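Take the sequence shown: its letter number 27 is residue 27 in full-length UniProt numbering, and every next letter is one higher. Written below as structure tokens is the structure these notes are about.
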Amino acid sequence: MKLSEAQEQVDKWIKTYGVRYFSELTNMAILTEEVGELARLMARKFGDQSFKSNEANANMADEMADVLWVLICLANQTGVDLEKAFAKNMAKKTKRDAERHINNNKLKK
Ligand SMILES: [Mg+2]
């Protein structure tokens, strides 16, 4: 699925089931909340924390999708074309960091 298609799909869902978008600030708070849920899960899966017994079904992919969903909502309601923005951002990173990481001795074993 292209990012533009994901933006259209989310917009259609919001208009069909969501009544309207939450305000930008509400969605920003929800984005932070969802990133926190992903962080909590990763701290337990890859970090030093352990899962509580009721967290056994925690799903990293689902949490990432939650983050993406709210980010797409924010893009839709603020007029950001994520496909264009991502392509532009990739070009920026590639130009800026073409040799930066390759020459970073800290990244070599
Ligand atoms: Mg979540």
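Glycine included, each C-beta is placed from N, C-alpha and C at the ideal position. Quick caveat: nothing in here was measured; it's all calculated off a predicted structure.
Rounded to the nearest angstrom, the gap between the Cα atoms of Glu33 and Lys52 is 19 Å.
Taking 4 residues as the shortest admissible run, the stretch 5-62 contains the following complete alpha helix (DSSP H) segments, listed from N- to C-terminal end: 24-45. A Cβ-Cβ separation of about 6 Å places Leu41 in contact with Met60 under the 8 Å criterion.
At least one heavy atom of ligand 1 lies closer than 8 Å to the C-beta of Leu38. A straight line joining the alpha-carbon of Asn103 with that of Phe46 spans about 27 Å. In this structure, Glu55 has its CB at a distance of at least 8 Å from all heavy atoms of ligand 1.
Per DSSP, the continuous alpha helix (DSSP H) segment holding Asn89 begins and ends at Leu82 to Asp97.
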